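In what follows, a single structure is set out as structure tokens and then discussed.
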Amino acid sequence: MLPAMSVDIKNHLTDLLRAALSSVAQQEADSPIILERPKEAAHGDFACNLALQLARRLQRNPRQLAQLLVSELPVSPWVEKTEIAGAGFINFSLKPAAKMLVLSTVLEAGSGFGRSKLGAGRSLQLEFVSANPTGPLHVGHGRGAAYGASLAAVLAFAGWDVTREFYVNDAGRQMDILAISTWLRYLEEHGERIPFPPNAYQGVYVREMAAQISTAHGARLVRPAAAVLAETPGLPEPERDDPAAKSLREQHLDALIENAKKLLGNDWAYVHDHALTEQLADCRDDLETFGVAFDIWFSEKSLFDTGLVARAVARLEAAEHLYEQDGAKWFRSTTFGDEKDRVVQRENGLYTYFASDIAYHLNKFERGFDTVINIWGADHHGYIPRVKGALQALGEDAARLQVALVQFAVLYRGGQKMPMSTRAGEFVTLRQLREEVGNDACRFFYVQRKSDQHLDFDLDLAKRQSNENPVFYIQYAHARICSVLNEWQGSEESLIEAAGEHAGLLVHPRELALAARIAEFPEMVEAAANELAPHFIAFYLKDLAADFHGYYNAERILVAEPDLCAARLALVAATRQVIRNGMALLGVSCPASM
RNA sequence: GCGCCCGUAGCUCAACCGGAUAGAGCAUCGGCCUUCUAAGCCGAGGGUUGUGAGUUCGAGUCUCGCCGGGCGCGCCA
Numbered sequence: 326m327l328p329a330m331s332v333d334i335k336n337h338l339t340d341l342l343r344a345a346l347s348s349v350a351q352q353e354a355d356s357p358i359i360l361e362r363p364k365e366a367a368h369g370d371f372a373c374n375l376a377l378q379l380a381r382r383l384q385r386n387p388r389q390l391a392q393l394l395v396s397e398l399p400v401s402p403w404v405e406k407t408e409i410a411g412a413g414f415i416n417f418s419l420k421p422a423a424k425m426l427v428l429s430t431v432l433e434a435g436s437g438f439g440r441s442k443l444g445a446g447r448s449l450q451l452e453f454v455s456a457n458p459t460g461p462l463h464v465g466h467g468r469g470a471a472y473g474a475s476l477a478a479v480l481a482f483a484g485w486d487v488t489r490e491f492y493v494n495d496a497g498r499q500m501d502i503l504a505i506s507t508w509l510r511y512l513e514e515h516g517e518r519i520p521f522p523p524n525a526y527q528g529v530y531v532r533e534m535a536a537q538i539s540t541a542h543g544a545r546l547v548r549p550a551a552a553v554l555a556e557t558p559g560l561p562e563p564e565r566d567d568p569a570a571k572s573l574r575e576q577h578l579d580a581l582i583e584n585a586k587k588l589l590g591n592d593w594a595y596v597h598d599h600a601l602t603e604q605l606a607d608c609r610d611d612l613e614t615f616g617v618a619f620d621i622w623f624s625e626k627s628l629f630d631t632g633l634v635a636r637a638v639a640r641l642e643a644a645e646h647l648y649e650q651d652g653a654k655w656f657r658s659t660t661f662g663d664e665k666d667r668v669v670q671r672e673n674g675l676y677t678y679f680a681s682d683i684a685y686h687l688n689k690f691e692r693g694f695d696t697v698i699n700i701w702g703a704d705h706h707g708y709i710p711r712v713k714g715a716l717q718a719l720g721e722d723a724a725r726l727q728v729a730l731v732q733f734a735v736l737y738r739g740g741q742k743m744p745m746s747t748r749a750g751e752f753v754t755l756r757q758l759r760e761e762v763g764n765d766a767c768r769f770f771y772v773q774r775k776s777d778q779h780l781d782f783d784l785d786l787a788k789r790q791s792n793e794n795p796v797f798y799i800q801y802a803h804a805r806i807c808s809v810l811n812e813w814q815g816s817e818e819s820l821i822e823a824a825g826e827h828a829g830l831l832v833h834p835r836e837l838a839l840a841a842r843i844a845e846f847p848e849m850v851e852a853a854a855n856e857l858a859p860h861f862i863a864f865y866l867k868d869l870a871a872d873f874h875g876y877y878n879a880e881r882i883l884v885a886e887p888d889l890c891a892a893r894l895a896l897v898a899a900t901r902q903v904i905r906n907g908m909a910l911l912g913v914s915c916p917a918s919m
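Counting in this note's numbering, the first sequence runs from 326 upward without gaps.
So this is what it looks like as structure tokens:
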């Protein structure tokens, strides 16, 4: 028997071409050789456009060059024929046995099939979600979570050493607003009615936290409301929507916070931390249920506590990238291609969010990751030049930072766009979405689009348990295979044996197509990793399932001839394995029966 | 106004450093279950890839203009 498992057909063909190339044109021997899988079956199993690529540099007719290359190709036991087609493509057709080599590979590798060394163990940090812990995650966060988790899985499978990180914005004004919102609701519970500001957090979860505090501390945190009200400027009329009114409301809220801090003393920190802990726990629980896990929850506050923010700003200052204007410190980001310079330290001495973000990114780089990837909402795209600029100014190689932008997801129900105003607290939470359509459909729907493409999330479709729903289509293929293997009741080992010995019996066009699809999986993983595009996997799985369903309907698997039956079982068992491996990357389950 | 992203079948979207006749699903129409799960399969129709030029053996893909849509342009986070 031939050493089937050790042969990777694509590499094999590349080697053949490389050899031919060096004898035809020594000076071009290092040119990249790309093998494609032609869409058209008549074009063989692999196609190479090498002759077309090199024709001009070598000043030769592409077809003649292709002819030359073909005549220099070493003989291979796996190649049936080599043809020159079209403008100068070299098309390879493989012997049926060569196309089935992959079955042994899949069955032996199992859940490891498709694993790649592309990343070569290089360290990579992936930061995603990083939502403010000021309320439940909504459907927009869900897309970032699903995309990030799938991408992390793909990159890890492709050989990177991946660290998944959530940046916790626990230091800013937003957290203070959450704390004041909680305290005001608490006061309401105890009969101290202070008008609840329209720009505070309106959600029911705030009342829930207030109730928790009441349960634990009774009325201990009640302070006379009049004292707070007396020192806070009045709110403008609710109808007013002009910039001045908006500004007044923000001032009012800030004043409330300041007064509350004074009134509550240490209890302010208690309310603040309670709210933070609650929301963070809720967020973590939400994500975990969604199959999204993080290795590190990185606190923004810790950057201030360790002095890193001040240090980063000082370093920028020492490198003369800062200047003072109107009492504030500005980073000259225009030097690095930004539209305008940015404030890092305000007139009141407080650092901006940008300053802590510089510190955070500096910290990421200092931790030594080879590559740092941020997943941001597309509305943050204008933020990229200033962060990269700051890293450059600090003497870092900004190219180590990549930013993947995720567009918004828009929910549709009954063909109608669903409103998602966070202000009114009517937004759909990730939790609601998950519970409505289920984790599997949720994860899959989020990643079946290119991430930088707007996503229309059709709730009705996601819930439908029918052929219209791609998740079920793939899971159904898996369940069917389980059912067949169940019926057969043989051992896994015998299938590996069958794949090695009888795979040559598989010559039906659908069998060849299915095997070719299976063989493509490792390439899809690498492509998805390179392009940061887990949606490749989603599309691939749909194609794989389609190939299987077509085969299943056309041919019976459990046939009387034992060798043919075993070979077919090996083929579908390999299909099942690849479905599992692919679905695992997307965080979608594979039930054995449906 | 400036910057970034997008425009592909009736709808939602693919298209692997530019490759051969631009592909799927849904929807529409016509077929397939006494046999391993019909949540399936087979077939048909449906396109000047917004538009005009350019680059080259070759452009949905790259460059420029125009048209249309989204987002961003705070001492907010």
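Built from N, CA and C at the ideal position, the CB exists for glycine as well. Keep in mind that this is a model prediction, so the values were computed, not measured.
Original post:
Distance, Cα to Cα, Arg748 vs Asn524?
Top reply: What you label residue 748 is simply residue 423 of the first sequence in a count that begins at 1. What you label residue 524 is simply residue 199 of the first sequence in a count that begins at 1. For Arg748, the predicted structure reports a pLDDT of 48, less than 50, and the residue's modelled location is therefore unreliable. A value from the coordinates is still provided. Straight-line spacing of the CA atoms in Arg748 and Asn524 works out to 7 angstroms.
Original post:
What are the residues that DSSP puts in a beta bridge with Glu408?
Top reply: Here residue 408 refers to the residue found at position 83 of the first sequence. According to DSSP, residue pairing for Glu408 in a beta bridge involves Asn416.
**OP:** Tell me, please, which residues DSSP counts as bridged to Phe623.
**Re:** On the first sequence, position 298 is the one that residue 623 refers to. Paired residue(s): Tyr492.
Original post:
Can you tell me the Cα-Cα spacing of Val531 and Arg510, whole angstroms?
Top reply: Reading the first sequence from its first residue, position 206 is the one you call residue 531. Reading the first sequence from its first residue, position 185 is the one you call residue 510. Rounded to whole angstroms, Val531 to Arg510 spans 7 angstroms at the Cα level.
**OP:** Give the secondary structure of Asp340 by DSSP, where H, G and I count as helix, E and B as strand, and everything else as coil.
**Re:** In the first sequence, the residue the question calls residue 340 occupies position 15. DSSP places Asp340 in helix when its eight states are reduced to three.
Original post:
Starting from Asp781 and walking both ways along the alpha helix (DSSP H), at which residues does that stretch end?
Top reply: In the first sequence, residue 781 corresponds to position 456, counting from 1. No alpha helix (DSSP H) contains Asp781, which is instead part of the beta strand (DSSP E) from 780-783.
**OP:** Please state whether DSSP places Cys767 in a helix, a strand or coil.
**Re:** Here residue 767 refers to the residue found at position 442 of the first sequence. The three-state reading of DSSP puts Cys767 in helix, counting H, G and I together.
Original post:
If you check the beta carbons only, do Ala703 and His597 fall under 7 angstroms apart?
Top reply: Along the first sequence, read from residue 1 onward, the residue named residue 703 stands at position 378. Along the first sequence, read from residue 1 onward, the residue named residue 597 stands at position 272. Taking 7 angstroms as the Cβ cut-off, Ala703 and His597 do not qualify as a contacting pair.
Original post:
If you draw a straight line from the C-alpha of Glu365 to the C-alpha of Gly907, how long is it?
Top reply: Here the question's residue 365 lines up with position 40 in the first sequence. Here the question's residue 907 lines up with position 582 in the first sequence. For the pair Glu365 and Gly907, the Cα-to-Cα distance works out to about 25 angstroms.
Subject >> Given Ser436 as reference, the closest of Phe846, Ala870, Ala879 once Cα atoms are compared >> reply: For the purposes of this step, residue 436 is taken as the residue at position 111 of the first sequence. Of Phe846, Ala870, Ala879, the residue nearest in Cα terms is Phe846.
Subject >> Which of helix, strand or coil DSSP assigns to Thr747 >> reply: As a first step, residue 747 is located in the first sequence; it is residue number 422 there, counting from the start. At Thr747 the pLDDT is 49, less than 50, meaning the model places this residue with poor confidence; the figure from the coordinates comes in the next sentence. In the structure shown, Thr747 adopts coil according to DSSP, grouped into three states.
Original post:
Does the beta-carbon distance from Val728 to Ile709 come in below 7 angstroms?
Top reply: On the first sequence, position 403 is the one that residue 728 refers to. On the first sequence, position 384 is the one that residue 709 refers to. Contact flag set, yes.
Subject >> Unbroken stretches of the beta strand (DSSP E), 3 residues or longer, contained in the region 461-538 >> reply: Considered as a whole, the region 461-538 harbours 486-493 as its complete beta strand (DSSP E) runs of no fewer than 3 residues, in chain order.
**OP:** Could you tell me which residues DSSP pairs with Glu452 in its beta bridges?
**Re:** Translated into positions along the first sequence, residue 452 becomes position 127. DSSP, once it has assigned bridges, lists Glu490, Asn699 as partnering Glu452.
**OP:** Count the other CB atoms, across all protein chains shown, that sit within 10 Å of the CB of Val529; report buried if there are 16 or more and exposed otherwise.
**Re:** Start at 1 with the first residue of the first sequence, and residue 529 comes out as number 204. With fewer than 16 Cβ atoms within 10 Å of its Cβ, Val529 is classed as exposed.
Subject >> Ala852: first and last residue of the uninterrupted beta strand (DSSP E) it sits in >> reply: To locate residue 852, count along the first sequence from 1; it is residue 527. Looking at the DSSP string, Ala852 is not in any beta strand (DSSP E); the run it does join, the alpha helix (DSSP H), is 834-855.
**OP:** Give the DSSP-derived three-state secondary structure of Trp403 in the structure shown.
**Re:** Taking the first residue of the first sequence as 1, we reach residue 403 at position 78. Collapsing the DSSP output to three states places Trp403 in coil.
Subject >> Where the alpha helix (DSSP H) containing Gln389 begins and where it ends >> reply: By one-based count along the first sequence, residue 389 stands at place 64. 387-396 is the extent of the alpha helix (DSSP H) around Gln389.
Original post:
For Lys654, which residues of its own chain have a beta-carbon under 6 angstroms away from its beta-carbon, when the five flanking residues on both sides are left out?
Top reply: Sequence index remark: in the first sequence, residue 654 carries index 329 (1-based). Hits under 6 angstroms: Leu647, Val669, Gln670.
Original post:
Which value, in whole angstroms, describes the spacing of the CA atoms of Glu818 and His466?
Top reply: By 1-based counting over the first sequence, the position of residue 818 is 493. By 1-based counting over the first sequence, the position of residue 466 is 141. Glu818 and His466: Cα-Cα distance of roughly 44 angstroms.
Original post:
Mapping DSSP to helix, strand and coil, what is Leu379?
Top reply: Locating residue 379 in the first sequence gives position 54, where the first residue counts as 1. Residue state, collapsed to three classes: helix.
Subject >> C-beta contact flag for Gly469 and Phe491 at 7 angstroms >> reply: Translated into the one-based positions of the first sequence, residue 469 becomes position 144. Translated into the one-based positions of the first sequence, residue 491 becomes position 166. In this structure, Phe491 does not lie closer than 7 angstroms to Gly469 by Cβ.
Subject >> Whole-angstrom distance between Lys424 and Glu405, CA atom to CA atom >> reply: Taking the first residue of the first sequence as position 1, residue 405 is located at position 80. Taking the first residue of the first sequence as position 1, residue 424 is located at position 99. When the Cα atoms are used, Glu405 and Lys424 turn out to be separated by approximately 11 angstroms.
**OP:** Could you name each continuous beta strand (DSSP E) segment of 3 residues or more that falls completely within the region 697-742, going from the start of the chain to the end?
**Re:** The beta strand (DSSP E) runs of length 3 or more contained entirely in the region 697-742 are, from start to end of the chain, 726-731, 734-738.
Original post:
What whole-angstrom Cβ distance do Ala477 and Arg489 have, given they're in contact under 8 angstroms?
Top reply: Residue numbering aside, residue 477 sits at position 152 when the first sequence is read from its first letter. Residue numbering aside, residue 489 sits at position 164 when the first sequence is read from its first letter. 5 angstroms between Cβ atoms; contact.
Original post:
In terms of residues, what are the limits of the beta strand (DSSP E) holding Ala372?
Top reply: Within the first sequence, the letter at position 47 stands for residue 372. Element bounds for Ala372: 371-373.
Original post:
Under the three-state reduction of DSSP, which class applies to Ala644: helix, strand or coil?
Top reply: As a first step, residue 644 must be located in the first sequence, where it is residue number 319. Residue state, collapsed to three classes: coil.
**OP:** On the DSSP bridge assignment, give the partners of Trp655 in chain order.
**Re:** On the first sequence, position 330 is the one that residue 655 refers to. Trp655 is bridged to Tyr648, Val668.
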